[in-house]
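Colleague:
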Amino acid sequence: MASITKVLIANRGEIATRIAKAAATCDIESVAIYARDDELSLHTRQADQSFELDETADPIEAYLNIENIIAIAKEHGVDAIHPGYGFLSENANLAAACVDSNISFIGPDADTLSLFGDKVRAKQLASEQAIPTIPGMNLYGIADAEAFVLEHGFPVMIKASAGGGGRGMRAVYRAEELEDSLVRCASEAGKAFGSSDLFIEKLIENARHIEVQILGDKFGNIVHLFERDCSVQERHQKVVEIAPAPNLSSSLRDQMLEAAVKLGEAVNYQNAGTIEFLVKPETDSFFFIECNPRIQVEHTVTEQVMGVELVEAQFQIARGESLESMGMHELRNPRGTSIQCRVVVQSTGTINGYKEPSGIGVRVDSNGYNGYSPP
-5 MASITKVLIA
5 NRGEIATRIA
15 KAAATCDIES
25 VAIYARDDEL
35 SLHTRQADQS
45 FELDETADPI
55 EAYLNIENII
65 AIAKEHGVDA
75 IHPGYGFLSE
85 NANLAAACVD
95 SNISFIGPDA
105 DTLSLFGDKV
115 RAKQLASEQA
125 IPTIPGMNLY
135 GIADAEAFVL
145 EHGFPVMIKA
155 SAGGGGRGMR
165 AVYRAEELED
175 SLVRCASEAG
185 KAFGSSDLFI
195 EKLIENARHI
205 EVQILGDKFG
215 NIVHLFERDC
225 SVQERHQKVV
235 EIAPAPNLSS
245 SLRDQMLEAA
255 VKLGEAVNYQ
265 NAGTIEFLVK
275 PETDSFFFIE
285 CNPRIQVEHT
295 VTEQVMGVEL
305 VEAQFQIARG
315 ESLESMGMHE
325 LRNPRGTSIQ
335 CRVVVQSTGT
345 INGYKEPSGI
355 GVRVDSNGYN
365 GYSPP
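Here the sequence shown stands for residues -5 to 369, numbered as in this note's numbering.
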């Protein structure tokens, strides 16, 4: 088994705090990193140690500097890096740099990240497994987008290839919107993920967004932990997530769960991942759209109904434990229903009053506190 005693959390905010707590439970020392605007962020207090990134860099770009992050890890005796979500979480170069530096990457390997970072290759893989897909292609310029529209018509969806969370994503309904949308999406993607690569696909309107949580160990075993409904969104960013998904027929649910496991098995998927589908309610049909090869914001609702700790499981898998030894090899049905609502700061300022709700069945994952000024 791999020895993991000290983890660098290559992220910020509530997911960094979540990872620090899970690391402590697993007897792993945690190291936080922060850009100049995040010095007072809660994650710097929750971790055992915290170190500033390049103080001259743009606050976002600081979290995308692989060379600097690896240097901090080496300097402070770190033997694992957890990327969280966003930033470098789907970046194959970070995973490869970890391997080169003899540091465990808490997530899938570089080849898997590279595969699912290419939406066309991911769709081809799904098609090879007889999983339905939506027409799509990589974009290298306006000519590609125009050719795709000529074949498939409007509306279309333009997406960032290297990430999610609503960034670098736009629905396009008219030809006059196409070029401007490409420019804006590329700019947003470059700033958020360090890559301006784009992807276009046919937009299915009024579809439900259903995703399946999977886990894979280093012995070729894959399990699903049922599904989540993430259909309530604002500007293509999920706002409300529900587990398990309501109003799904048993047949449709079983087909999506089977497809998610089949896709994971096809690439020998390791660690936590989410297979995302769109569902057309009028026909009860589903389509694979992408795999997010990382922990998700909404992993919390799965944890609540399945009675598992997914971030702790990530550490266990990275250490070399099997799903069986973790007690996660046998299928368990969800208990009850869990609903997550995201509360996102809409403007800058100081939080002058902060009190988290509490009680039976209530969970809060947060980066806020009284007196904090979010950057």
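We put the CB at the ideal spot given by N, CA and C, even for glycine. The structure displayed is predicted, hence computed values, not measured ones.
If you draw a straight line from the C-alpha of PRO53 to the C-alpha of GLN249, how long is it?
Modeller: Answer to the nearest angstrom: the Cα atoms are 43 Å apart.
Colleague: Which runs of the alpha helix (DSSP H) at least 4 residues long sit entirely within the region 126 to 211? Give them in chain order.
Modeller: Those alpha helix (DSSP H) runs which fall completely within the region 126 to 211 and span 4+ residues are 136 to 146 and 172 to 187.
Colleague: Can you check which of these residues, SER189, ILE136 and GLY188, is closest to ALA169 by C-alpha distance?
Modeller: Looking at the Cα atoms, ILE136 is the closest of the given residues.
Colleague: Please state if the CB of PRO77 and the CB of GLY267 are separated by a distance shorter than 8 Å.
Modeller: Taking 8 Å as the Cβ cut-off, GLY267 and PRO77 do not qualify as a contacting pair.
Colleague: Return the CA-CA distance between GLY162 and SER175, expressed in angstroms with no decimal places.
Modeller: The straight-line gap from Cα to Cα measures roughly 9 Å.
Colleague: At what residue ranges does the region 224 to 300 contain a whole run of the beta strand (DSSP E), taking only runs of 3 or more?
Modeller: The region 224 to 300 contains these whole beta strand (DSSP E) runs: 231 to 237, 265 to 274 and 279 to 286.
Colleague: Starting from the N-terminal side, write out each stretch of the beta strand (DSSP E) that is 3 residues or longer and does not extend beyond the region 85 to 132.
Modeller: The region 85 to 132 contains no whole beta strand (DSSP E) run of 3 or more residues.
Colleague: Can ILE236 and ILE128 be called in contact, C-beta distance under 8 Å?
Modeller: Not in contact: ILE236 and ILE128 (Cβ atoms no closer than 8 Å).
Colleague: Would you say GLU23 and THR38 are within 8 Å of each other, going by their C-beta atoms?
Modeller: Result no, Cβ atoms of GLU23 and THR38 do not sit closer than 8 Å.
Colleague: If we cut at 8 Å on Cβ distances, does VAL93 have a partner in chain C?
Modeller: Checking the listed chains, one finds no chain C in this structure; it contains a single protein chain.
Colleague: So which of PRO287, GLU173 and VAL114 has the shortest CA-CA distance to VAL143?
Modeller: Residue GLU173 is the option with its Cα nearest to VAL143.
Colleague: Considering only their Cβ atoms, is the gap separating VAL295 from GLN231 smaller than 8 Å?
Modeller: No.
Colleague: Grab me the residues of GLN298's own chain with a C-beta within less than 6 Å of its C-beta, minus the 5 sequence neighbours each way, in chain order.
Modeller: Excluding positions up to five away in sequence, the list reads SER332.
Colleague: Using a 10 Å radius around the Cβ and a threshold of 16 neighbouring Cβ atoms, would you call SER(-3) buried or exposed?
Modeller: By the 10 Å Cβ count, SER(-3) comes out exposed.
Colleague: In this structure, does DSSP put MET58 in helix, strand or coil?
Modeller: Residue identity differs from the one stated: residue 58 is Leu in this sequence, not Met. If DSSP states are grouped into helix, strand and coil, LEU58 belongs with coil.
Colleague: For VAL72, count the other beta carbons within 10 Å of its own beta carbon; 16 or more makes it buried, fewer makes it exposed. Which is it?
Modeller: It is buried - the Cβ of VAL72 has at least 16 other Cβ atoms within 10 Å.
Colleague: What are the complete beta strand (DSSP E) segments, minimum 3 residues, inside the region 316 to 364?
Modeller: Qualifying beta strand (DSSP E) stretches, in chain order: 332 to 335.
Colleague: Sort out for me which residues DSSP pairs GLN43 with in a bridge.
Modeller: According to DSSP, which records beta bridges pairwise, GLN43 is partnered with VAL25.
Colleague: What does the Cβ neighbour count give for GLN118, buried or exposed, with the cut at 16 atoms within 10 Å?
Modeller: Exposed: under 16 other Cβ atoms inside 10 Å.
Colleague: Specify, as a first and last residue, the run of the beta strand (DSSP E) that VAL305 falls within.
Modeller: From DSSP, VAL305 is part of no beta strand (DSSP E) but of the alpha helix (DSSP H) over 304 to 313.
Colleague: Tell me whether HIS218 sits in a helix, a strand or coil according to DSSP, three-state version.
Modeller: Reduced to three states, the DSSP call for HIS218 is strand.
Colleague: Tell me which residues share the same chain as MET(-5) and place their Cβ nearer than 6 Å to its Cβ, disregarding the 5 neighbours each side in the sequence.
Modeller: Once the five neighbours on either side are set aside, the close Cβ partners of MET(-5) are ARG313 and GLY314.
Colleague: Looking only at C-alpha atoms, which of SER83, ILE60 and GLY7 sits nearest to TYR363?
Modeller: Comparing Cα-Cα distances from TYR363 to each of SER83, ILE60 and GLY7, the minimum goes to GLY7.
Colleague: Restricting to Cα atoms, I'd like to know which of GLY343, ASP223, VAL233 and GLN310 is closest to ILE269.
Modeller: Checked all of GLY343, ASP223, VAL233 and GLN310; the closest Cα to ILE269 is ASP223.
Colleague: For ILE75, which three-state DSSP category applies?
Modeller: Three-state DSSP puts ILE75 in a strand.
Colleague: Measuring only the C-alpha atoms, how far is LEU257 from GLN123?
Modeller: Their backbone Cα atoms lie some 7 Å apart in a straight line.
Colleague: Going by C-alpha to C-alpha distance, which of ALA10, VAL206, ARG30 and ALA14 sits closest to PRO369?
Modeller: Nearest of ALA10, VAL206, ARG30 and ALA14 to PRO369, Cα basis: ARG30.
Colleague: Check whether the region 52 to 68 and the region 87 to 100 are in contact - that is, three or more C-beta pairs closer than 8 Å.
Modeller: The region 52 to 68, when compared against the region 87 to 100, does touch it at the 8 Å Cβ threshold.
Colleague: Count the C-beta pairs between the region 313 to 327 and the region 212 to 228 that are closer than 8 Å, then say yes if the count reaches three, no if not.
Modeller: At 8 Å Cβ cutoff, the stretches touch.
Colleague: When DSSP labels each residue in this structure, what does LEU36 get in the three-state scheme?
Modeller: Helix at LEU36.
Colleague: Please go through the same chain and pick out, in chain order, the residues whose beta-carbon is closer than 6 Å to the beta-carbon of ILE9, but skip the five residues on each side of it.
Modeller: If we look at ILE9 and ignore the five residues flanking it on each side, its Cβ neighbours are GLY78 and TYR79.
Colleague: Considering only DSSP beta bridges, list what ILE(-2) is partnered with.
Modeller: BP columns for ILE(-2) are empty, so no partner.
Colleague: Going by C-alpha to C-alpha distance, which of GLY330, ARG336, VAL338 and GLY343 sits closest to GLY355?
Modeller: The shortest Cα separation from GLY355 among GLY330, ARG336, VAL338 and GLY343 belongs to GLY330.
Colleague: Roughly how many whole angstroms lie between the Cα atoms of GLU49 and HIS203?
Modeller: So the two alpha carbons sit approximately 39 Å from each other.
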